[in-house]
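Enquirer: Numbering (full-length UniProt numbering), first residue to last: 1 to 376.
Glycine residues also receive a C-beta, built at the ideal position from the N, C-alpha and C atoms.
Since we're looking at a predicted model, the values are computed, not measured.
Okay, here's the structure, questions in a sec.
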Amino acid sequence: MFRRIGIQSVYTFFACSITGNKFRWGGGSSKRIQFAHTYEDIISVENLLAAWKEFVRGKWKKKDVQEFQYKLMDNILTLHRDLTAGTYKHSGYDHFKISDPKPRDIHKATVRDRLLHHALYRKLYPFFDHTFIADSYSCRRRKGTHRAMNRFRSFAYKVSRNHTRTVWVLKCDIRKFFASIDQKILLYIIARHILDKRVAALIAEVVGSFHAPYLSYPVGYYKYASKGLPLGNLTSQLLVNIYMNEFDTFVKHTLKAKYYIRYADDFVILSHDKQLLRQVGRYIALFLWERLHLELHPDKVSIKTYASGIDFLGWIHFSDHRVLRTNTKRRMLAKTEGNDSLASLESYLGLLGHGNTRRLAGPLQKKIGELEQKNK
Numbered sequence: 001m002f003r004r005i006g007i008q009s010v011y012t013f014f015a016c017s018i019t020g021n022k023f024r025w026g027g028g029s030s031k032r033i034q035f036a037h038t039y040e041d042i043i044s045v046e047n048l049l050a051a052w053k054e055f056v057r058g059k060w061k062k063k064d065v066q067e068f069q070y071k072l073m074d075n076i077l078t079l080h081r082d083l084t085a086g087t088y089k090h091s092g093y094d095h096f097k098i099s100d101p102k103p104r105d106i107h108k109a110t111v112r113d114r115l116l117h118h119a120l121y122r123k124l125y126p127f128f129d130h131t132f133i134a135d136s137y138s139c140r141r142r143k144g145t146h147r148a149m150n151r152f153r154s155f156a157y158k159v160s161r162n163h164t165r166t167v168w169v170l171k172c173d174i175r176k177f178f179a180s181i182d183q184k185i186l187l188y189i190i191a192r193h194i195l196d197k198r199v200a201a202l203i204a205e206v207v208g209s210f211h212a213p214y215l216s217y218p219v220g221y222y223k224y225a226s227k228g229l230p231l232g233n234l235t236s237q238l239l240v241n242i243y244m245n246e247f248d249t250f251v252k253h254t255l256k257a258k259y260y261i262r263y264a265d266d267f268v269i270l271s272h273d274k275q276l277l278r279q280v281g282r283y284i285a286l287f288l289w290e291r292l293h294l295e296l297h298p299d300k301v302s303i304k305t306y307a308s309g310i311d312f313l314g315w316i317h318f319s320d321h322r323v324l325r326t327n328t329k330r331r332m333l334a335k336t337e338g339n340d341s342l343a344s345l346e347s348y349l350g351l352l353g354h355g356n357t358r359r360l361a362g363p364l365q366k367k368i369g370e371l372e373q374k375n376k
């Protein structure tokens, strides 16, 4: 399940130092697949138009979208000219807060900038997605929370050897995830795959358009780095996966953790050996800090038995069933109350089908039935 390795070999693998502005990374292969698309492919009018069609879905009623749409070709051609001339500059962000369920800071870019994000994403995502491990589930096509939960159950069954031994689960959460992404390290990782300097510079323009508020860390120079990716950018979803793929490959290929699942900043490792998970937890914390300048949330690291209930992806998972987390249940009840959208209610009912939720599902099924009769 794990390759047992000494602490010195782990230090050797991820030894990372900064000399001036240059990174020296330990471990890894020098042979990497290179991004094939050119700068011209990304900024072409054809790609910008295709990106617009994807971006505008579900946004037709937004005032800023309508204003951009009014002179669509003029706006696209102007953006194309700026990109061709190398004069494009990313604008600032509108900031607002949401509670989902905890307070989050959302930063919204202009329509012009979000169009560029989609144009970049259309070319970058297919390439980088092939470099990711199979068990990374956030913001990826044909992945998502339901598949991650099913994978978790499958892993637990395998580790338990058909429920004949105890399953221990190491569960971790990264502190202030999006706000803590080190932009210099991110751009270094991307540069290993992208040889076209204009593409790299365009990505750097998008990344550098945002800086998270100062975060207090206990160790020296890290606090002076440019940090953060904005919640709200389509590109941020991909960029955090590129960043965390360094960690994913360390866990899978160096620590040889076979039963590992990550969804954004939440991840779990399953094993029958509690002491081994404790050791792995130390390696993980060290790697995240030394290589990626990320810190585990001190209150959200635990090693528990599967049978005692594992809080993961909004559900409490047990060996023979799973139930909705209490605050997830409250949010769902609040969103369904007074909601007469059949599509919305049916999607919630589909979510409830992934666990033991008869008390919630019954009234919801009744409400859906009443709406269907009313709409006949």
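Can you tell me whether DSSP reads Ser160 as helix, strand or coil?
Expert: The residue labelled residue 160 in the question sits at position 160 within the sequence shown. Helix at Ser160.
Enquirer: Using CA atoms only, rank isn't needed, just tell me which of Ile194, Phe318 and Phe128 is closest to His163.
Expert: If you number the sequence shown from 1, residue 163 lands on position 163. Taking the Cα of His163 as reference, the smallest distance to any Cα among Ile194, Phe318 and Phe128 is reached at Phe318.
Enquirer: Compute the Euclidean distance between the alpha carbons of Phe177 and Asn245, then round it to the nearest angstrom.
Expert: Start at 1 with the first residue of the sequence shown, and residue 177 comes out as number 177. Start at 1 with the first residue of the sequence shown, and residue 245 comes out as number 245. Spanning the two alpha carbons is a distance of roughly 14 Å.
Enquirer: Could you please give the first and the last residue of the uninterrupted beta strand (DSSP E) stretch that includes Asp231?
Expert: Residue mapping note: residue 231 aligns to position 231 of the sequence shown, counting from 1. A small fix is needed here, since residue 231 is Leu in this sequence, not Asp. Element bounds for Leu231: n/a, residue is neither H nor E.
Enquirer: Could you check where the beta strand (DSSP E) with Tyr137 kicks off and where it finishes?
Expert: In the sequence shown, the residue the question calls residue 137 occupies position 137. Bounds of any beta strand (DSSP E) do not take in Tyr137, whose DSSP letter is neither H nor E.
Enquirer: In terms of residue numbering, what span does the beta strand (DSSP E) encompassing His317 cover?
Expert: Counting from 1 along the sequence shown, the entry for residue 317 is found at position 317. Unbroken beta strand (DSSP E) run through His317: Trp315 to His317.
Enquirer: State buried or exposed for His321, treating a residue as buried only when at least 16 other CB atoms are found within 10 Å of its CB.
Expert: Locating residue 321 in the sequence shown gives position 321, counting from the first residue. Classification of His321: exposed, given that the 10 Å Cβ count is below 16.
Enquirer: So for Trp60, helix, strand or coil by DSSP?
Expert: The residue you call residue 60 lines up with position 60 of the sequence shown. Trp60: coil per DSSP, three-state reduction.
Enquirer: With 16 other CB atoms within 10 Å as the buried threshold, where does Asn150 fall?
Expert: The sequence position of residue 150 within the sequence shown is 150, counting from 1. By the 10 Å Cβ count, Asn150 comes out exposed.
Enquirer: For a test of the three-state rule: what should DSSP assign to Arg322, helix, strand or coil?
Expert: On the sequence shown, position 322 is the one that residue 322 refers to. The DSSP-derived three-state label of Arg322 is strand.
Enquirer: Could you spell out the range, first to last residue, of the alpha helix (DSSP H) harbouring Arg282?
Expert: Counted from its first residue, the sequence shown places residue 282 at position 282. Taken as a continuous stretch (DSSP letters only), the alpha helix (DSSP H) holding Arg282 covers Lys274 to Leu292.
Enquirer: For Ala85, count neighbouring Cβ atoms within 10 angstroms of its own Cβ and tell me buried if that reaches 16, exposed if not.
Expert: Within the sequence shown, residue 85 is the residue found at index 85, counting from 1. The residue in question, Ala85, is exposed, as its Cβ has fewer than 16 Cβ neighbours within 10 Å.
Enquirer: Are the beta-carbon atoms of Arg153 and Arg32 separated by less than 7 Å?
Expert: Start at 1 with the first residue of the sequence shown, and residue 153 comes out as number 153. Start at 1 with the first residue of the sequence shown, and residue 32 comes out as number 32. Contact: no.
Enquirer: So what does DSSP say about Leu255, is it helix, strand or coil?
Expert: Translated into positions along the sequence shown, residue 255 becomes position 255. The answer is coil: DSSP assigns Leu255 none of H, G, I, E or B.
Enquirer: Mapping the DSSP letters down to three states, classify Phe210 as helix, strand or coil.
Expert: Locating residue 210 in the sequence shown gives position 210, counting from the first residue. Coil.
Enquirer: Mind checking Gly92: buried by the 16 CB within 10 Å criterion, or exposed?
Expert: Counted from its first residue, the sequence shown places residue 92 at position 92. In the assembly as shown, Gly92 is an exposed residue. Its beta-carbon has fewer than 16 other beta-carbons within 10 Å.
Enquirer: Closest to Leu187 by C-alpha separation, out of Ile203, Cys172, Ile174 and Val268, would be which residue?
Expert: Position 187 of the sequence shown, counting from 1, holds the residue named residue 187. Answer by Cα proximity: Ile203.
Enquirer: At what residues does the beta strand (DSSP E) containing Phe250 begin and finish?
Expert: On the sequence shown, position 250 is the one that residue 250 refers to. Membership of Phe250 in any beta strand (DSSP E) is not indicated, and neither H nor E is assigned to it by DSSP.
Enquirer: Going straight from the alpha carbon of Ile190 to that of Gly144, what length do you get?
Expert: One-based indexing of the sequence shown puts residue 190 at position 190. One-based indexing of the sequence shown puts residue 144 at position 144. Taking the straight line joining both Cα atoms gives about 24 Å.
Enquirer: How many angstroms separate the CA atom of Lys171 from the CA atom of Thr131?
Expert: Taking the first residue of the sequence shown as position 1, residue 171 is located at position 171. Taking the first residue of the sequence shown as position 1, residue 131 is located at position 131. If I take the Cα positions, the gap works out to 24 Å.
Enquirer: Quick test of your reading: Asp173 and His297, contact by CB under 8 Å. State the CB separation rounded to the nearest angstrom.
Expert: Start at 1 with the first residue of the sequence shown, and residue 173 comes out as number 173. Start at 1 with the first residue of the sequence shown, and residue 297 comes out as number 297. Confirmed, about 5 Å.
Enquirer: For the ligand MG, is there a heavy atom less than 6 Å away from the beta-carbon of Phe35?
Expert: Although the ligand MG was asked about, the structure shown includes no ligands whatsoever.
Enquirer: Assuming Gly232 and Lys108 make a contact with CB atoms under 8 Å, what is their CB distance in whole Å?
Expert: Along the sequence shown, read from residue 1 onward, the residue named residue 232 stands at position 232. Along the sequence shown, read from residue 1 onward, the residue named residue 108 stands at position 108. Correct: roughly 5 Å between the Cβ atoms.
Enquirer: Once you ignore the five residues that flank Asn47 on each side, which residues in its own chain have a CB closer than 6 Å to its CB?
Expert: If you number the sequence shown from 1, residue 47 lands on position 47. Only Ala119 meet the Cβ criterion.
Enquirer: For Leu124, which residues from the same chain have a beta carbon less than 7 Å from its beta carbon, with the 5 sequence-adjacent residues on both sides left out?
Expert: Against the sequence shown, residue 124 aligns to sequence position 124. Result list for Leu124: Leu238, in chain order.
Enquirer: DSSP on Lys171, reduced to helix/strand/coil?
Expert: Within the sequence shown, residue 171 is the residue found at index 171, counting from 1. Lys171 falls in the strand class under three-state DSSP.
Enquirer: Which residues mark the beginning and the end of the beta strand (DSSP E) in which Ile99 is found?
Expert: One-based indexing of the sequence shown puts residue 99 at position 99. First, the amino acid is wrong: residue 99 is Ser here, not Ile. Taken as a continuous stretch (DSSP letters only), the beta strand (DSSP E) holding Ser99 covers Asp94 to Ser99.
Enquirer: Thinking just about the alpha-carbon of each residue, which of Leu115, Thr87, Thr305 and Leu234 is nearest to the one in Val65?
Expert: Numbered from its first residue, the sequence shown carries residue 65 at position 65. For Val65, the nearest C-alpha among the options comes from Leu115.
Enquirer: Along the chain, where does the alpha helix (DSSP H) containing Ile33 start, and where does it finish?
Expert: On the sequence shown, position 33 is the one that residue 33 refers to. Note, Ile33: premise wrong, no alpha helix (DSSP H); not H, not E.
Enquirer: Ignore the nearest five residues each way along the sequence and tell me which others in Asn75's own chain have a CB closer than 6 Å to its CB.
Expert: Here residue 75 refers to the residue found at position 75 when the sequence shown is read from its first residue. Answer for Asn75: Phe68, listed in chain order.
Enquirer: Assuming Val240 and Ile284 form a contact by the criterion Cβ under 8 Å, report the distance between their Cβ atoms to the nearest whole angstrom.
Expert: Locating residue 240 in the sequence shown gives position 240, where the first residue counts as 1. Locating residue 284 in the sequence shown gives position 284, where the first residue counts as 1. Val240 to Ile284, Cβ: 17 Å. No contact.
Enquirer: Within a Cβ cutoff of 6 Å, which residues of the same chain sit near Arg165, ignoring the five residues on either side of it in sequence?
Expert: For the purposes of this step, residue 165 is identified with residue 165 of the sequence shown, where counting begins at 1. In the same chain as Arg165, and ignoring 5 residues on each side of it, the C-beta atoms closer than 6 Å to its own belong to His272, in chain order.
Enquirer: Is Lys304 near Val169, with beta carbons less than 7 Å apart?
Expert: As a position in the sequence shown, residue 304 is number 304, starting the count at 1. As a position in the sequence shown, residue 169 is number 169, starting the count at 1. Closer than 7 Å, so yes.
Enquirer: From which residue to which residue does the alpha helix (DSSP H) around Pro126 run?
Expert: Here residue 126 is taken as the residue at index 126 of the sequence shown, counted from 1. According to the DSSP assignment, Pro126 belongs to the alpha helix (DSSP H) that extends over Val111 to Asp129.
Enquirer: The alpha helix (DSSP H) with Leu48 in it runs from where to where?
Expert: What you label residue 48 is simply residue 48 of the sequence shown in a count that begins at 1. Leu48 -> alpha helix (DSSP H) spans Val45 to Phe55.
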